[in-house]
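Participant: Have a look at this one before I ask anything.
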Amino acid sequence: MQYPKRVTIELTNRCNRQCTGCPRHKMTYPQGYMTPELYKNIIAQLPRHTVIVPFFRGESTMHPHFPAYMRLLKGFKEVQLATNADYLTPRNQKAILNNCTFISISLHEYKLPYQCKFLSFLKDAACRGLETQISIVENMLPKNRHKHFVKMWQRYVDRVRIYKEHSANGFGCMNLPVTMQACNKPFEDLIVYWDGKVGLCNHDWNNSEQLGDLNVQSIRRVWRGLPYQTVRCLHENGMRNQVKVCESCSFQPNQIYGELIKVK
């Protein structure tokens, strides 16, 4: 286990929207943008088979260097991006189409395809071979419009995801029983906040379990370091409740929450 399978790189935690279902209202972490120096250093250390996720708590396409950052991901096997589509300028669209393998557009309100301005982009993405997804929080769907919503969007995307609001408190709360089962995230995923700090989980919006700092450490050193090893040991021995960010988490390992409908 020299390197993580999946690395989330937060280009920025700033966002132009204030969606009610987003845990941003509980985020106390300073806001900012990842510097080119830090970003290049991170990318240079990662094997090309790593799954790269260039977003986290903010809208990555707002970053002034977004196109350049995306170009540096050329050659990675998988690059997965989610966006609210508000900043899909021609330059940003080109950067996504040329370097991503998966694109998800998150709707901030109930909308059908004819009400959106990004349909041509989704068509271009499909032509380029990108897997496409539209996602929405379940409570944004009007009653009795679920099937119609899915039917309409399946004409334009590969997947429709409808999920329950989660992590509203800034952590992995799903209002489900807390589990002691070992999670896959400490063994597979690495989260890099915009300032280079390394956290445990993408449901920890305040980095309460800081595991390293890529400004002064290598990815390999952090990934194999004592803080990570301690968390993994606790998970393996059914004591994940002794990890602060995991103590009230109800997410099950390797499970997709909500409804994921794929086009046949």
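Here the sequence shown is numbered in this note's numbering, starting from 23 and rising by one per residue.
For each residue, glycine too, the CB sits at the ideal point set by N, CA and C.
Would D146 pass as an interface residue toward chain C - the criterion being a Cβ-Cβ separation below 8 angstroms?
Facilitator: Given the protein chain composition of this structure (a single chain), no chain C is represented.
Participant: Could you spell out where the beta strand (DSSP E) holding L282 opens and where it closes?
Facilitator: As a first step, residue 282 is located in the sequence shown; it is residue number 260 there, counting from the start. Counting along the chain, the beta strand (DSSP E) containing L282 begins and ends at 281-284.
Participant: Considering D211, what are the terminal residues of the beta strand (DSSP E) in which it resides?
Facilitator: The residue given as residue 211 occupies position 189 in the sequence shown. Where D211 is concerned, the enclosing beta strand (DSSP E) stretches over 211-214.
Participant: Is it a yes or a no for the segment 102-110 touching the segment 80-93, going by three-plus beta-carbon pairs under 8 angstroms?
Facilitator: The segment 102-110 vs the segment 80-93: in contact.
Participant: When DSSP labels each residue in this structure, what does L134 get in the three-state scheme?
Facilitator: Within the sequence shown, numbered from 1, the residue matching residue 134 stands at position 112. L134 falls in the coil class under three-state DSSP.
Participant: State the Cα-Cα distance for the pair F209 and I74, rounded to the nearest angstrom.
Facilitator: Mapped onto the sequence shown, residue 209 falls at position 187. Mapped onto the sequence shown, residue 74 falls at position 52. In a straight line, the C-alpha of F209 is about 16 angstroms away from that of I74.
Participant: By how many angstroms is the C-alpha of L222 removed from the C-alpha of S157?
Facilitator: The count along the sequence shown starts at 1 and reaches residue 157 at position 135. The count along the sequence shown starts at 1 and reaches residue 222 at position 200. Each residue's alpha carbon lies about 25 angstroms from the other.
Participant: Distance check for V238 and Y132, CA to CA, integer angstroms please.
Facilitator: On the sequence shown, residue 132 is found 110 positions in, with the first residue counted as 1. On the sequence shown, residue 238 is found 216 positions in, with the first residue counted as 1. Going by the C-alpha atoms only, they are around 44 angstroms apart.
Participant: May I ask which residues mark the beginning and end of the alpha helix (DSSP H) holding Q232?
Facilitator: As a working mapping, residue 232 is identified with position 210 in the sequence shown. First-last for Q232: undefined, no H or E at that position.
Participant: When you compare only the Cα positions, how much space is there between A66 and R167?
Facilitator: Sequence index remark: in the sequence shown, residue 66 carries index 44 (1-based). Sequence index remark: in the sequence shown, residue 167 carries index 145 (1-based). Between A66 and R167, the C-alpha separation is close to 46 angstroms.
Participant: Reducing DSSP to helix, strand and coil, say where F78 ends up.
Facilitator: Along the sequence shown, read from residue 1 onward, the residue named residue 78 stands at position 56. Residue state, collapsed to three classes: coil.
Participant: Bridge partners for F140 per DSSP, in chain order?
Facilitator: Against the sequence shown, residue 140 aligns to sequence position 118. For F140, which the question treats as bridged, DSSP gives no partner whatsoever.
Participant: In the DSSP assignment, find the beta strand (DSSP E) that holds K219 and state where it starts and stops.
Facilitator: Here residue 219 refers to the residue found at position 197 of the sequence shown. Run containing K219: 219-221, per the beta strand (DSSP E) assignment.
Participant: Could you tell me the alpha carbon to alpha carbon distance between G247 and R93, rounded to whole angstroms?
Facilitator: Counting from one through the sequence shown, the residue named residue 247 turns up at place 225. Counting from one through the sequence shown, the residue named residue 93 turns up at place 71. Taking the straight line from one Cα to the other gives about 30 angstroms.
Participant: Cα-Cα, which of N229, L33, F171 is closest to H87?
Facilitator: Taking the first residue of the sequence shown as 1, we reach residue 87 at position 65. Ranking N229, L33, F171 by Cα distance to H87 puts L33 first.
Participant: Got a sec? Which residues, its chain only, sit under 6 angstroms from V253 by beta carbon, not counting five neighbours each side?
Facilitator: Taking the first residue of the sequence shown as position 1, residue 253 is located at position 231. For V253, where only same-chain residues beyond five positions count, the Cβ hits under 6 angstroms are P208, V265.
Participant: Do I283 and V182 have their C-beta atoms closer together than 8 angstroms?
Facilitator: On the sequence shown, position 261 is the one that residue 283 refers to. On the sequence shown, position 160 is the one that residue 182 refers to. Contact flag set, yes.
Participant: On the CB-based measure, 16 or more other CB atoms within 10 Å of its CB, does Y136 come out buried or exposed?
Facilitator: Locating residue 136 in the sequence shown gives position 114, counting from the first residue. When all chains shown are included, Y136 counts as exposed.
Participant: Give the DSSP-derived three-state secondary structure of T154 in the structure shown.
Facilitator: As a working note, residue 154 is residue 132 in the sequence shown. T154 falls in the strand class under three-state DSSP.
Participant: Taking R150 as the reference, which of Q115, Y55, D108 has the closest Cα?
Facilitator: By one-based count along the sequence shown, residue 150 stands at place 128. Per the Cα distances, Q115.
Participant: I need the boundaries of the beta strand (DSSP E) containing F273, first residue and last residue.
Facilitator: Taking the first residue of the sequence shown as 1, we reach residue 273 at position 251. Looking at the DSSP string, F273 is not in any beta strand (DSSP E), and its letter there is neither H nor E.
Participant: What did DSSP end up calling Y250 once you bin it into helix, strand or coil?
Facilitator: Taking the first residue of the sequence shown as position 1, residue 250 is located at position 228. Y250 falls in the helix class under three-state DSSP.
Participant: Please classify P76: is it buried, with 16 or more other beta-carbons within 10 angstroms of its beta-carbon, or exposed?
Facilitator: Numbered from its first residue, the sequence shown carries residue 76 at position 54. Burial call: buried.
Participant: Given this structure, state the Cα-to-Cα distance separating M219 from L141, to the nearest angstrom.
Facilitator: Within the sequence shown, the letter at position 197 stands for residue 219. Within the sequence shown, the letter at position 119 stands for residue 141. The displayed chain sequence assigns Lys, not Met, to residue 219. Their Cα atoms are separated by approximately 36 angstroms.
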